[in-house]
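J.: Chains as they are written, first to last, in this note's numbering: chain A, 1 to 209; chain B, 1 to 209.
(1) Quick one: what's got a C-beta closer than 6 Å to residue 125(B)'s C-beta in the same chain, skipping five residues either side?
(2) Would you mind listing the beta strand (DSSP E) stretches within the region 2-43 of chain B that are 3+ residues and don't spill past its ends, in chain order?
(3) State the DSSP-derived secondary structure class of residue 180(A), mapped to helix, strand or coil.
(4) Where do the N-terminal and C-terminal ends of the alpha helix (DSSP H) with residue 200(B) fall, by residue?
(5) Which same chain residues, not among the five before or five after residue 188(B), have their C-beta less than 8 Å away from its C-beta?
(6) Along chain B, which residues have their Cβ under 8 Å away from the Cβ of residue 212(A)?
(7) Helix, strand or coil: how does DSSP classify residue 113(A) here?
(8) Check each residue of the region 171-186 of chain A: if its Cβ is closer than 9 Å to any Cβ of chain B, include it; give the result in chain order.
(9) For the structure I just gave you, are there three or more beta carbon pairs, one from the region 108-119 of chain B and one from the region 103-112 of chain A, closer than 8 Å?
(10) Evaluate contact between the region 68-76 of chain A and the region 138-145 of chain A, counting only Cβ atoms and requiring at least three cross-stretch pairs below 8 Å.
(11) Residues of the region 95-109 of chain B in Cβ contact with chain A at a cutoff of 7 Å, in chain order, please.
(12) To the nearest angstrom, how far is it from the Cα of residue 84(B) to the Cα of residue 18(B)?
(13) Can you list the residues of chain B that residue 154(A) reaches, using a CB-CB cut of under 8 Å?
(14) Would you verify that the beta carbon of residue 195(A) is, or is not, closer than 8 Å to some beta carbon of chain B?
(15) Assess contact between the region 91-107 of chain B and the region 117-136 of chain B, defined as three or more Cβ pairs (one per stretch) separated by less than 8 Å. Is contact present?
(16) Could you tell me the boundaries of the beta strand (DSSP E) in which residue 56(B) lies?
(17) Quick check on the DSSP output: the beta strand (DSSP E) that includes residue 62(A) runs from which residue to which?
(18) Does the region 1-19 of chain B come into contact with the region 162-177 of chain A, if we say contact requires no fewer than three beta-carbon pairs (one atom in each stretch) closer than 8 Å?
(19) Quick one, are the C-beta atoms of residue 32(B) and residue 6(B) less than 8 Å apart?
(20) Does the Cβ of residue 157(A) have 16 or more other Cβ atoms within 10 Å, making it buried, or fewer, making it exposed?
(21) Taking the DSSP output, what are the residues bridged to residue 122(A)?
(22) Could you round the C-beta distance between residue 197(B) and residue 155(B) to whole angstroms and report it? I think they count as a contact, below 8 Å.
(23) Could you pull the DSSP bridge partners for residue 86(B) from this structure?
(24) Mind pulling the chain A residues with CB within less than 7 Å of residue 130(B)?
(25) Using the beta-carbon count (16 or more within 10 Å), is residue 192(A) buried or exposed?
(26) Does chain A have any CB closer than 8 Å to the CB of residue 71(B)?
(27) Is the CB-CB distance between residue 37(A) and residue 206(A) below 8 Å?
(28) Along chain B, in chain order, which residues have C-beta atoms closer than 7 Å to that of residue 146(A)?
(29) Which residues, taken in chain order from the region 7-18 of chain B, show a beta carbon closer than 7 Å to some beta carbon of chain A?
(30) Just to make sure I have the definition right: I need the residues of chain B whose C-beta is within less than 8 Å of the C-beta of residue 76(A). Which are they?
(31) At 9 Å on the CB atoms, spell out the chain A contacts of residue 67(B), in chain order.
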């Protein structure tokens, strides 16, 4: 399996960290987003969505969307279960993962892609160019603060975001928190439960995958 | 199981349609969003996220997020499989479901919630009020057109969005297409493959659940 990857891309990091937690080694192929290599003809022939991560199976099948790639890895390598166990356990992980995505990752992405010069004219990844919307960047930054408060409250009640077990919800939240540093949002002592969690999850070996 | 529901809410419809496809009967409790009942103290005690759908299990456990609720229903009632079958099949459904959500549902929601008077000051559902961003509404409308073109191309190659089998990706796309009518976006003969799919999926009994 080949993973088309870029170290600084949050969604690519989600897949690398997920694979590392399971001990799956992926053949990484760097697509240099800083040089816009994902927009070139060579990569377009591999992934017409012009985005990383993209997984290509040994038979040539293409999988895009980071969570779909993680889902595939979970199915072929079920342990440790990162999408939860049992009917309710899986639903609870799905619930928290989606809250992290909708309230956190989306907010961070809105903030970064609509304010950072590098993304001028490229406010959404993919084949179509969109102008930045400054008001959306401001809304994103405001929502990141609410997201951190929400996580701090949640993490006062359990060790990990979806409960007692580490899951993909923690991976998604970690990449969101680290991406939010671009917006000068850092996790400090005013959110002590989130800080405890952040320090613990950041120090897992998979966090540097 | 009680489902807190509102007929016109797209994400609530996703759960109703999903359950109907599986023949699961849910005890529906109407939360009248047109009267903002979801913001009141009574519903806040049930779901602090102030949104429908919300599923309450017989033991009192609360599940929010429509896809998490669907995931639970899939686990307790696996047939017909609406999240796909087999490792690759599940990953492909996840990929297409997410594309429908990110490129379609989110675009429609951006368009509707940032332009319709009813949502003034309520551009995002949930406990925090956000002002509408007119530029985001325009971007949403533009993205709906791209989404329809993308689906039309895809549906020229297979019967349903994720391939040969009906899945949650079709349910999500249908609720998106119907919600987009608020933006005066209708599916016509200029996207014939999408029209063929839309007519077929709309006529399933579950579509009126």
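All C-beta atoms in this analysis are idealised placements derived from N, C-alpha and C, irrespective of residue type, glycine included.
T.: Reading from the atomic positions:
(1) Stepping through the second chain from its first residue, residue 125(B) is reached at position 125. Same-chain partners within the cutoff: 51.
(2) Here the runs fully enclosed are 2-5, 27-30.
(3) On the first chain, position 180 is the one that residue 180(A) refers to. Residue 180(A): helix per DSSP, three-state reduction.
(4) On the second chain, position 200 is the one that residue 200(B) refers to. Unbroken alpha helix (DSSP H) run through residue 200(B): 192-202.
(5) Locating residue 188(B) in the second chain gives position 188, where the first residue counts as 1. Taken in chain order, the residues that qualify are 195.
(6) Nothing can be reported for residue 212(A), as the shown portion of chain A is limited to 1 through 209.
(7) Taking the first chain and counting its residues from 1, the one referred to as residue 113(A) is at position 113. In this structure, DSSP gives residue 113(A) a helical state, which the three-state scheme calls helix.
(8) Residues of the region 171-186 of chain A with a Cβ closer than 9 Å to any Cβ of chain B: none.
(9) At 8 Å Cβ cutoff, the stretches do not touch.
(10) Contact fails: fewer than three Cβ-Cβ distances are below 8 Å.
(11) Shown in chain order are the members of the region 95-109 of chain B whose Cβ falls below 7 Å from a Cβ of chain A: 95, 98, 99.
(12) Sequence index remark: in the second chain, residue 84(B) carries index 84 (1-based). Sequence index remark: in the second chain, residue 18(B) carries index 18 (1-based). Rounded to whole angstroms, residue 84(B) to residue 18(B) spans 13 Å at the Cα level.
(13) For this step, residue 154(A) is matched to residue 154 along the first chain. None at all; the shortest Cβ gap to chain B is about 11 Å.
(14) For the purposes of this step, residue 195(A) is taken as the residue at position 195 of the first chain. No, residue 195(A) does not count as interfacial toward chain B.
(15) With the cut-off at 8 Å, the region 91-107 of chain B and the region 117-136 of chain B do not touch.
(16) Position 56 of the second chain holds residue 56(B). Annotation for residue 56(B): the continuous beta strand (DSSP E) segment containing it runs 54-56.
(17) For the purposes of this step, residue 62(A) is taken as the residue at position 62 of the first chain. Looking at the DSSP string, the run of the beta strand (DSSP E) that includes residue 62(A) is 62-64.
(18) In short, these stretches do not touch, since the Cβ pair count stays below three.
(19) Residue numbering aside, residue 32(B) sits at position 32 when the second chain is read from its first letter. Residue numbering aside, residue 6(B) sits at position 6 when the second chain is read from its first letter. Result yes, Cβ atoms of residue 32(B) and residue 6(B) sit closer than 8 Å.
(20) For the purposes of this step, residue 157(A) is identified with residue 157 of the first chain, where counting begins at 1. Exposed is the call here.
(21) Taking the first chain and counting its residues from 1, the one referred to as residue 122(A) is at position 122. Answer is 130(A), bridged to residue 122(A).
(22) On the second chain, position 197 is the one that residue 197(B) refers to. On the second chain, position 155 is the one that residue 155(B) refers to. A Cβ-Cβ distance of about 5 Å is found for the pair residue 197(B) and residue 155(B), placing them in contact under the 8 Å criterion.
(23) On the second chain, position 86 is the one that residue 86(B) refers to. DSSP lists no partner for residue 86(B).
(24) Here residue 130(B) refers to the residue found at position 130 of the second chain. Under the 7 Å cutoff, chain A gives 139.
(25) Here residue 192(A) refers to the residue found at position 192 of the first chain. Here residue 192(A) is exposed: its Cβ has fewer than 16 other Cβ atoms, across all protein chains shown, within 10 Å.
(26) Here residue 71(B) refers to the residue found at position 71 when the second chain is read from its first residue. Yes, residue 71(B) lies at the interface with chain A (some Cβ there is under 8 Å from its Cβ).
(27) Numbered from 1 along the first chain, position 37 holds the residue referred to as residue 37(A). Numbered from 1 along the first chain, position 206 holds the residue referred to as residue 206(A). No, they are not a contact pair.
(28) Your numbering for residue 146(A) matches position 146 in the first chain. Within chain B, the residues near residue 146(A) are 128.
(29) Those would be none; no residue qualifies.
(30) Walking along the first chain from the start, residue 76(A) turns up at place 76. Contact of residue 76(A) with chain B by beta-carbon distance below 8 Å involves 87.
(31) The count along the second chain starts at 1 and reaches residue 67(B) at position 67. Residues of chain A whose Cβ lies closer than 9 Å to the Cβ of residue 67(B) are, in chain order, 94, 95, 98.
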